[in-house]
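As you go down the protein sequences, you meet chains W and X in turn. FYI, the numbering for the first sequence is 1 to 109, going by the UniProt record's numbering. FYI, the numbering for the second sequence is 1 to 109, going by the UniProt record's numbering. All residues carry an ideal CB built from backbone N, CA and C; glycine is no exception.
There are 2 protein chains.
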Amino acid sequence: MTASNTQIQMRKGLLEFCILHIIARGEVYASDMIDELTEAKMIVVEGTLYPLLNRLKTASLVSYKWVESDSGPPRKYYSITEDGTEFLQILDKTWDSLVQSTQLITSKR
Amino acid sequence: MTASNTQIQMRKGLLEFCILHIIARGEVYASDMIDELTEAKMIVVEGTLYPLLNRLKTASLVSYKWVESDSGPPRKYYSITEDGTEFLQILDKTWDSLVQSTQLITSKR
DNA sequence: CCAAGAAACTGGTATAGCAAGGTAGCTTCT
DNA sequence: AGAAGCTACCTTGCTATACCAGTTTCTTGG
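In structure tokens, the structure reads:
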């Protein structure tokens, strides 16, 4: 049981939430997401992101379209669906509640 | 991929953090923890808690002592160790950073 | 003694992140 | 044209953890 392991566990599940938010703001492809997450100090690697995106797609929470690139191979640009928007609203509430619960427990003494 | 499943995933990893905090405040046994977590709407069941406590014990982050009960079988009263206190400080920082990162991502538009 | 309850524990299942490797298309340089 | 390198997407094997549904152990009360 190491700190880094626990940190990973704490991040778990938040990724899906964050990525849905990023996609909800407009069309993006994988590298865009990684850049933004990294900037916010929420580290992600490709091997984590791609399966996650596929899960979101399978669940019809996001959709994508292929777009040719000026430099390099084509990209999958993701956008959020109606179902995804609804789902995201639930997650927003869950997150708020979770922060509140944690705050309640960790700030007591 | 259901909302409830995602909610579970978001809660994952926070449990360890919350439980360490509860133990850090003073000696408690399993039912105390469950009561407090339930009160804070952080639902946990016994089958989750006991393995977690054993992990913390194995990692020397907490220790326990048996205490006779007036009514019923003896209880394991847990308290935090020095290592556990250090660990908890790291987790506090991790949590703050995580909240901040998530806030950054989810509040943008 | 036996039933009931409390406390601690266990095995099986599912999910998710990570590390590492693989495939294919495009660009650049010789 | 050919080779090298980059970019983007995808897959596999591993590990860790929570949940569910029991099981065991101990104590008390009828």
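ASP83/X vs LEU52/X beta-carbon contact at 8 Å: Their beta carbons are not under 8 Å apart, which means ASP83/X does not touch LEU52/X by this criterion.
Integer-rounded CB distance, given that ILE34/W should sit under 8 Å from TYR78/W: Not really, about 13 Å apart at Cβ, beyond 8 Å.
Residue-level contact to chain X via CB, LEU52/W, 8 Å cutoff: Chain X contact via Cβ: absent.
Own chain partners of GLU36/X with C-beta closer than 7 Å, once the 5 adjacent residues on each side are dropped: Contacts found: ILE22.
Chain-ordered residues of the segment 16-43 of chain X with a beta carbon less than 8 Å from chain W: For the segment 16-43 of chain X, the set of residues with a beta-carbon nearer than 8 Å to any beta-carbon of chain W comprises GLU16, PHE17, CYS18, HIS21, ILE22, ARG25, GLU36, LEU37, ALA40, LYS41 and MET42, in chain order.
Exposure label - THR102/W; buried when at least 16 CB within 10 Å: Result: buried.
Per-residue DSSP class, three states only, for TYR50/X: If DSSP states are grouped into helix, strand and coil, TYR50/X belongs with the helices.
Cβ contact check for the segment 41-51 of chain X and the segment 8-17 of chain X: 3 or more pairs under 8 Å: Flag = yes, the segment 41-51 of chain X and the segment 8-17 of chain X touch.
Continuous beta strand (DSSP E) assignments of at least 3 residues falling wholly in the UniProt domain "Transcription regulator PadR N-terminal" (19-89) of chain W: Under the rule that a run must span 3 or more residues, the beta strand (DSSP E) segments found entirely inside the UniProt domain "Transcription regulator PadR N-terminal" (19-89) of chain W read 62-67 and 75-80.
CA-to-CA distance, TYR64/W to GLY26/W, given in whole angstroms: Our two residues, GLY26/W and TYR64/W, have alpha carbons roughly 11 Å apart in a direct line.
Any chain W beta carbon closer than 8 Å to LEU98/X: At least one CB of chain W lies nearer than 8 Å to the CB of LEU98/X.
Top-ranked residue by Cα proximity to TYR29/W, from GLU39/W, LYS57/W, ALA3/W and ARG75/W: Taking only the C-alpha atoms, the option nearest TYR29/W is ARG75/W.
Inter-residue CB distance, LEU20/X and LEU88/X (contact presumed, cutoff 8 Å): Right, the Cβ-Cβ distance comes to about 5 Å (below 8 Å), so this counts as a contact.
Assigned exposure category for ILE8/X - 16 Cβ within 10 Å defines buried: ILE8/X comes out exposed.
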